[in-house]
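Before any comments, here is the structure.
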Amino acid sequence: MQSLQFRRHVLNEASEFSACAVFDVNKDGHPDIFCGGFWYAGPDWKRSITRDVPNIRGRYDDYSNLPIDVNGDGWIDVLSVNYRSASIYWIEHPGPSFGVWQTRLIDSPGPSETGRLYDIDGDGQADLLPNGTNYAAWYARRVDEEGATSWVRQELPAELAGHGIGFGDVNGDGCGDLVGPKGWYRIPQDAPRNRWIAMNEFRLHRDCSVPIVVHDVDEDGDQDIIWARAHNIGLYWMEQQPAFGGGRRWVQHAIDTSWSSSHSLLLADLDGNGRKELIAGKRYLGHGGRDPGEIDPLVVYRYEFSPADRVWQRQLISWGGICGFDLDPKFADVDLDGDIDIVAPTRVGLCLLENLGVQPRAPTEDKVTENVEDVFEYAASDSILVRRHSPDRLVPVQTQTDWGYRRWQTLRNMEKVMGRLPGPKQRVPLDVRVEREEQAEGYRRLKLTYAADPEDRVPAYLLIPNDTRQPRPAALCLHPTHRLGKSQVCGLGGNPNYAYAHELAQRGYICLAPDYAPFGDYDDYDYAREDIPYVSGTMKAIWNNVRALDLLEAMSEVDRDRIVCLGHSLGGHNSLFTAAFDQRIRAVMTSCGFTAFSHYYDGDLRGWTSDRYMPRIKTHYDLAPDKMPFDFHEILAAIAPRPVFISAPDGDSNFSQSGVKLSVERALPVFQLFEASERLFTVYPQAQHELPDTIRQQFYEWLDENL
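Heads up, my numbering is the position in the sequence shown plus 607, with the first residue counted as 1.
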């Protein structure tokens, strides 16, 4: 993947419109930008008013800007498909007067997420495909002899209503097909255009992006499916493969689950190599901060798939500030220099990402960076609700989005010790291999391995309840330090108090229990190998757990929005670490898993420094708690507002209860910021370094209420 450089231009930091278009508004030969109530004349982007856009309950009613000459007068108009007004209208270009643009109603079908233009009926004319939330229809474009356009509503199967829609030739028969979260829909070549046949061959997430992209990702000659979670975590693709005996089979792959809220996707050739890349950006507070990861900084990324390695490579285009993708971003050669640029609208600003091409040196002005070494650290005395802008400047965290930046700093500071969280380049196909399947009490137990990275496979047990007629909640069950590894939590030996995977499976949870090297069947893993891409065993375990979540999400039996991570001791702190980095985990339980570094054996951190944990604590931070760039109260806060269950016995000689209480006290203000203080739940039993039966039962009841 060639690394490109982009320069970010802020065209209007006060823009609150979520859609844009690129076309020559004034016919001067230079592309202009249309965005809501304004258009911007290229190349200097002088702003002019278009119209007064209605504001409905705090959002401007302009959810798409689709350029098309509707009335045949030679001037480009704009189609807008909208949610809060439940309407579809077109905005008429005023012509050479460049006066006020007039709004013309097409239909009021109901709320729509947004819309896109496709030639659905194959007549050579662009048709309108809205993403209706409670209706499903498309609008056929009809052009009369004078060139004027009318729009004829065509009904679609009701199952296509919802969140996410796309169009493309899925089966390669030369006819366009529709794609939605519940599958794809085709029309035989000789059938009327309203007789769509449901092909329920896959099921995507319920909150898919607009569009769902139909594209031959792996260049094998058939079309695959790409989508993101518009109001949740992750980008994904569904690989089309030939099935034995004919037909198709579909295999789900995760692309990137390190960020959220990618409501809109683009597919374009940014580097000019003839292969299209995936471009994705984060939406600004689509649901006011209520969605997972919504408050994290805005980002824009480009992704390119390598068919030879079968992995995606990622490049950051923009980080932070006001630049992201809301509902309708665009790509075009805006500056007429021969390459593709990106126009990025959000409710907090309008930006142009100028493609500078492959540069021997990065530009110094507005250079986009995300360098972990540039992240400022915090003293133990600093409040959790402050954010450091420079080594000597702290500002208060007053909003949830303020906290999103502070949370980002916490993760980067964790990476200073643990090493960077691997990116898409390490995310090889899971290639799950089942070695054995057995029937247990109320569930099936599968012994399997899955690929974590190009060089390593993780041994695990998968426990599947007998009744999976409805999607079941899932649990990532991490074992304590013990030679049996995963077997102990599955009830196959050792202390029965740690058989929480077995017990949860009997309660109806799908449970995945991976080994932590060198325990269980993972005893041949060598942390000292020079070629492994991890600087700590902790990050290796986190990545193995991230891939375990990929496995659970790919199972049709799993309710993808109800995944918990839990563990005791070794599994306890790794549950926290994994949940901080991967927000697909919706609840966490940690038993005897942590204490403040200053309270760990009176500040003696040697127990954390073996190769299988975090050796940099010794080599980079001198075993000194006051030199550590993160502590456990910051990890707890990074998980907020998700529910956390903490069991910290008074007799735990490994993890001092007093340090747990201190960490909880210091993290609590962040949960309070989210009005979720009750989600930081603690129990302090009279016990040793153990997980008593009474606490497990209390956790199970808590989990049923909080997941």
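We treat Cβ as the ideally placed atom computed from N, Cα and C, and that holds for glycine. Given the structure is predicted, the values throughout are model-derived calculations rather than measurements.
query	result
Classification of residue 698 by the beta-carbon crowding that lies within 10 angstroms, buried from 16 upward	buried
Opposing strand residues paired with residue 1065 [DSSP bridges]	1057
Neighbour-count burial assignment, residue 1088, 16 or more Cβ in a 10 Å radius	exposed
Residue(s) in a DSSP beta bridge with residue 1306	Bridge partners of residue 1306: none, in fact.
Same chain, Cβ closer than 8 Å to residue 775, neighbours up to 5 away in sequence not counted	783, 784, 786, 820, 821, 822 and 830
CB-CB length for residue 626 against residue 934, believed under 8 Å	5 Å
Contact belief for residue 1027 with residue 1144 at Cβ below 8 Å, rounded distance in angstroms	About 15 Å separates the two Cβ atoms, so there is no contact after all.
For residue 1122, the residue or residues it bridges with in DSSP	Answer is none; residue 1122 lacks a bridge partner.
Run of the alpha helix (DSSP H) containing residue 843, from where it starts to where it stops	Per DSSP, residue 843 belongs to no alpha helix (DSSP H); it is in the beta strand (DSSP E), 840-849.
Residue 610 versus residue 965 - alpha carbon distance	6 Å
Beta-carbon spacing of residue 1195, residue 1314 below 8 Å	no
C-beta contact flag for residue 991 and residue 1277 at 8 Å	yes
Burial state of residue 1005, where buried means 16 or more other Cβ atoms lie within 10 Å	exposed
Proximity winner among 838, 846 and 1139, relative to residue 809 (alpha-carbon distances)	846
8 Å Cβ cutoff met for residue 1256 and residue 1292	yes
Alpha-carbon spacing of residue 1024 relative to residue 735, whole angstroms	51 Å
Distance between residue 1183 and residue 1086 (C-alpha atoms, nearest Å)	13 Å
DSSP bridge partner residues for residue 1147 (one or two, in chain order)	According to DSSP, which records beta bridges pairwise, residue 1147 is partnered with nothing at all.
Where residue 1179 falls: helix, strand or coil (DSSP)	helix
Unbroken beta strand (DSSP E) run spanning residue 924, endpoints	918-926
Rounded distance between the beta-carbons of residue 871 and residue 816, thought under 8 Å	6 Å
For residue 646 and residue 895, the rounded distance between their alpha carbons	27 Å
Neighbourhood of residue 1281 by C-beta distance below 7 Å, restricted to the same chain and skipping five residues each side	1007, 1247 and 1248
Beta-carbon proximity check, residue 901 vs residue 869, cutoff 8 Å	no
Three-state secondary structure (DSSP) of residue 1174	strand
Opposing strand residues paired with residue 1002 [DSSP bridges]	994
Three CB pairs or more closer than 8 Å across the stretch 1265-1276 and the stretch 1189-1203	yes
Residue environment, residue 801, which counts as buried when at least 16 other CB atoms sit within 10 Å	exposed
Local conformation of residue 1281 per DSSP, three classes	coil
CB of residue 814 within 8 Å of CB of residue 866, strictly	no
Rounded straight-line distance, which links the Cα of residue 1192 to that of residue 946	40 Å
Straight-line gap, residue 975 to residue 1030 (C-alpha atoms, nearest Å)	Its pLDDT being 45, under 50, residue 975 is placed unreliably by the model, and the measurement read from it follows with that caveat. Going by the C-alpha atoms only, they are around 18 Å apart.
Which of helix, strand or coil DSSP assigns to residue 737	strand
Among 1168, 930, 1111 and 1034, nearest to residue 1140 - alpha-carbon criterion	1034
Residue from 1133, 1274 and 1254 whose Cα sits closest to the Cα of residue 1302	1254
Residue 1107: first and last residue of the uninterrupted alpha helix (DSSP H) it sits in	1107-1113
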